[in-house]
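To keep things clear, I will list the structure first and then write my remarks on it.
Number of protein chains: 4
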Amino acid sequence: MSVRTPDHPEWTPEEPQGPGSRPVPNANPAWLSDLELAEIRGRLPILYVEAVPVRVDGVGVVTDVGVLLRANQVGEITRTLVSGRVMYGETVRDALFRHLEKDLGPMAFPLLPASPVPVTVAEYFPMPGLSAYTDARQHAVSLVFVVPVTGTCEPRQDALEVTWMTPEEAVSPSVQADMEGGRGALLRTALAAVGRLP
Amino acid sequence: MSVRTPDHPEWTPEEPQGPGSRPVPNANPAWLSDLELAEIRGRLPILYVEAVPVRVDGVGVVTDVGVLLRANQVGEITRTLVSGRVMYGETVRDALFRHLEKDLGPMAFPLLPASPVPVTVAEYFPMPGLSAYTDARQHAVSLVFVVPVTGTCEPRQDALEVTWMTPEEAVSPSVQADMEGGRGALLRTALAAVGRLP
Amino acid sequence: MSVRTPDHPEWTPEEPQGPGSRPVPNANPAWLSDLELAEIRGRLPILYVEAVPVRVDGVGVVTDVGVLLRANQVGEITRTLVSGRVMYGETVRDALFRHLEKDLGPMAFPLLPASPVPVTVAEYFPMPGLSAYTDARQHAVSLVFVVPVTGTCEPRQDALEVTWMTPEEAVSPSVQADMEGGRGALLRTALAAVGRLP
Amino acid sequence: MSVRTPDHPEWTPEEPQGPGSRPVPNANPAWLSDLELAEIRGRLPILYVEAVPVRVDGVGVVTDVGVLLRANQVGEITRTLVSGRVMYGETVRDALFRHLEKDLGPMAFPLLPASPVPVTVAEYFPMPGLSAYTDARQHAVSLVFVVPVTGTCEPRQDALEVTWMTPEEAVSPSVQADMEGGRGALLRTALAAVGRLP
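Chains as they are written, first to last, in the working numbering: chain A, 69 to 266; chain B, 69 to 266; chain C, 69 to 266; chain D, 69 to 266.
Pasting the structure below:
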């Protein structure tokens, strides 16, 4: 089974022209072809951002978390988080915004945190044992943020659905079992960071 | 000169009935008279919350900070932050929301952070030298948060005005000189926490 | 059953003269008698510090956590964390050091974190439902730190024993069930903050 | 003038065999030649770690910070922080330890933090204006940690000297003017994170 960090083809020509897209350097010759990226993935750690979308109440308490339903490489349905690469010339915030929009749609209205410090740093290795997180394709280092969203989510691209669930539901064995590469632990770590670990 | 932590008479009968006030336990016999509070202030550290109100751009970058203009005990005009006590039976979040509303008005629409962890902890002592912060009246320990506000601020009570300024203006010598009790350093520390220290 | 935040009689004459004790203001008239403290506990939130003692490997990864075994008010054996009040005139760091020494002995050699920001803030209420943490005696707000210790722990006072366990053991149902007032969730939250939630 | 993120030739054969070196995957075919690295630097953000070495007192308060004196590309003497790339297959902690040893020598005995969360994330761009930090060579994203060191520092490689200074000295205009690429602001941000911004 191929466990992978979702990494949508963000270098396709369509993406930067999408409606409401942030001013990332489009048509950038620095961007990588699939082949080049595959080559580099075996040579360098790749920088990612991940987001746990949440709903909050009037005083900021997290009431629900959004988990993506997605088909993985071998056609299995799995649960995952908003995730993607930081591109050359792009700020971490712009990458975070771009991937939130890609996975939640243009009407999600995410409120990115004022602080640049992630709630945790997740290190994915192709070889198990080095950390709690694995990614068969690459060595990825991911800055993980909890992001309140205030609008309506309608997943685009390969995410089938966004499921909103309480923290209690999110840590249930059945949901945790559907999360690949250690993301069940990552989701619980993010809940702990916002004081909502059941 | 009396340097003091702003601590508005939150136990006055008017306050809990104010429009839009959060459901704090009103008419609570546990609340303290001025005399009792003065007595306790010499015996125990008092828990405070402080907030640095900010404006953020579309990806969460802080563009402006809100500083309060207020007359202190001896009639001098000083600059300060949103601040106040946590009361018996009140959560830190509810206290933060209540003081934001008290100092910025009911239309400020603050977005309290999802995380309960403050950007810093400021310890105020009546005696100098123990920490960077002083308060002639008491030993206070303050949980400090950076809070984006999205609405219109119109100060109530003894705050005369909310001044919005860029991070560069906020760290200017003239603004810093108007901040009492070490709050100039506190404001810079909060800016650093959001990656915006000039 | 009385669930309480451990709050050892830190105002007893013996304590400040203990070997290696930090220079806390001893014989301070500001300190409280038991009766006065009981009275104030129903009027104000009381500030606490809590510590999760840990062992770390050569690059800082937490390998073990120290959990205290203690008899509670009704003679039951329970598991808990290092914990205690911050006293008038005492810094948070000094309080943390004092309680670590009180609970782990003078040879524990704790390495207090350079940052004043706690890993989480735990709010204990006498009434359930307001937060994840309860304390029958009082409204307490606790700044929680993870503290590596490098020496030998020999509990003093009413702690019977320090048990070192792996993160996996610490989150096991049997250990979690022995922790009162929500401290099982608190311990897991602290493990998450250091990237070690199993 | 070439402003650059110090990036010592960590792929030289000598380095991994150095005394006391951590078990990084040596002789790794995944490592990059100078030419390959130069090529990739224009295509992907490169992941770095940076460390602000500090001395702390008995309760963890930072008393001094260590700043490196180093000759830059054009022979000017500049001040900088401990810094370097995270390599393929290497954890962030191992990279941090390796660069601390490289810049401070094998007897520095750094105490890496238990938390994987950096005090800030610094984004370096070749083009000014995108962030507070610039690096003429590349787009680098750096996880910044404050690391207490307990031993003796004797710089190796191209660092000429480690200078210990108080927080007050570190923020003085003359020291700040010697720091390239925005690292003066980075050092102040790190001081703020440990509650020691003057």
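Even glycine gets a Cβ: it sits at the ideal position worked out from N, Cα and C.
These numbers were taken from a predicted model, which means no experiment stands behind them.
Cα-Cα separation, residue i to residue j
{"i": "residue 212(D)", "j": "residue 259(C)", "result": "21 angstroms"}
{"i": "residue 191(C)", "j": "residue 133(B)", "result": "29 angstroms"}
{"i": "residue 161(B)", "j": "residue 250(C)", "result": "19 angstroms"}
{"i": "residue 215(C)", "j": "residue 113(B)", "result": "23 angstroms"}
{"i": "residue 156(C)", "j": "residue 137(C)", "result": "28 angstroms"}
{"i": "residue 101(C)", "j": "residue 253(A)", "result": "46 angstroms"}
{"i": "residue 106(B)", "j": "residue 127(A)", "result": "30 angstroms"}
{"i": "residue 184(B)", "j": "residue 204(A)", "result": "35 angstroms"}
{"i": "residue 261(D)", "j": "residue 118(D)", "result": "15 angstroms"}
{"i": "residue 265(C)", "j": "residue 200(A)", "result": "9 angstroms"}
{"i": "residue 245(B)", "j": "residue 238(B)", "result": "11 angstroms"}
{"i": "residue 143(C)", "j": "residue 116(B)", "result": "36 angstroms"}
{"i": "residue 108(A)", "j": "residue 169(A)", "result": "26 angstroms"}
{"i": "residue 147(C)", "j": "residue 236(C)", "result": "16 angstroms"}
{"i": "residue 202(A)", "j": "residue 195(C)", "result": "43 angstroms"}
{"i": "residue 166(D)", "j": "residue 230(B)", "result": "48 angstroms"}
{"i": "residue 270(D)", "j": "residue 103(A)", "result": "No answer is possible for residue 270(D): it lies beyond the span of chain D, which begins at 69 and ends at 266."}
{"i": "residue 232(B)", "j": "residue 135(B)", "result": "6 angstroms"}
{"i": "residue 141(A)", "j": "residue 228(A)", "result": "14 angstroms"}
{"i": "residue 219(B)", "j": "residue 130(B)", "result": "15 angstroms"}
{"i": "residue 163(A)", "j": "residue 198(D)", "result": "13 angstroms"}
{"i": "residue 72(A)", "j": "residue 145(C)", "result": "The predicted model places residue 72(A) with a pLDDT of 46, which falls under 50 and marks its position as unreliable, so this point remains unresolved."}
{"i": "residue 257(D)", "j": "residue 123(D)", "result": "17 angstroms"}
{"i": "residue 242(D)", "j": "residue 221(B)", "result": "40 angstroms"}
{"i": "residue 111(B)", "j": "residue 158(C)", "result": "11 angstroms"}
{"i": "residue 255(C)", "j": "residue 234(C)", "result": "12 angstroms"}
{"i": "residue 186(B)", "j": "residue 208(D)", "result": "28 angstroms"}
{"i": "residue 217(D)", "j": "residue 125(A)", "result": "43 angstroms"}
Neighbour-count burial assignment, residue i, 16 or more Cβ in a 10 Å radius
{"i": "residue 223(A)", "result": "buried"}
{"i": "residue 247(A)", "result": "buried"}
{"i": "residue 206(A)", "result": "buried"}
{"i": "residue 263(C)", "result": "buried"}
{"i": "residue 121(B)", "result": "buried"}
{"i": "residue 149(D)", "result": "buried"}
{"i": "residue 240(D)", "result": "exposed"}
{"i": "residue 171(A)", "result": "buried"}
{"i": "residue 139(A)", "result": "exposed"}
Item to complete: Assess, as a yes-or-no matter, whether the region 166-182 of chain D is touched by the region 170-186 of chain A under the definition of 3 or more beta carbon pairs within less than 8 angstroms.
Response: In short, these stretches do not touch, since the Cβ pair count stays below three.
Item to complete: Determine which residues of the region 178-193 of chain A have a Cβ less than 8 angstroms from any Cβ of chain B, and write them out in chain order.
Response: The region 178-193 of chain A vs chain B, Cβ under 8 angstroms: 179, 180, 181, 182, 183, 184, 185 and 187.
Worksheet item: Are the region 141-156 of chain C and the region 187-207 of chain D touching by the rule of at least three beta carbon pairs closer than 8 angstroms?
Response: They do not touch, by the three-pair rule.
Worksheet item: Listed in chain order, which residues of the region 119-137 of chain A have Cβ atoms closer than 9 angstroms to some Cβ of chain D?
Response: Contacts with chain D (Cβ-Cβ distance below 9 angstroms) from the region 119-137 of chain A involve no residue at all.
Worksheet item: When Cβ atoms are compared, which residues of the region 147-159 of chain D fall closer than 8 angstroms to chain A?
Response: Contact annotation: in the region 147-159 of chain D, residues whose CB is within less than 8 angstroms of a CB in chain A are 154, 155, 156, 157, 158 and 159.
Worksheet item: For the region 242-263 of chain C, which residues have a beta carbon sitting closer than 9 angstroms to at least one beta carbon of chain D?
Response: Hits within the stretch, in order: 261, 262 and 263.
Practice prompt. Would you list, in sequence order, the uninterrupted beta strand (DSSP E) runs of no fewer than 3 residues that lie entirely inside the region 192-238 of chain C?
Written response: Correct list: 208-216 and 227-233.
Worksheet item: Given a limit of 7 angstroms on CB to CB distance, which residues of the region 207-220 of chain D reach chain A?
Response: Those residues of the region 207-220 of chain D placed with their C-beta closer than 7 angstroms to a C-beta in chain A are 207, 209 and 211, ordered along the chain.
Worksheet item: Between the region 161-178 of chain A and chain B, which residues of the former have CB atoms less than 8 angstroms from a CB of the latter, in chain order?
Response: Residues passing the 8 angstroms Cβ filter: 161, 162, 164 and 165.
Item to complete: Pick out the complete beta strand (DSSP E) segments inside the region 89-144 of chain B, 3 residues or longer, and give them in chain order.
Response: As far as the region 89-144 of chain B is concerned, its whole beta strand (DSSP E) runs of at least 3 residues are 114-124 and 130-139.
Item to complete: Check distances from the C-beta atoms of the region 99-118 of chain C to those of chain B and list, in chain order, the residues that come in under 8 angstroms.
Response: Only those residues of the region 99-118 of chain C whose C-beta falls short of 8 angstroms from the nearest C-beta of chain B are listed: 99, 100, 104, 108, 110, 111, 112, 113, 114 and 115.
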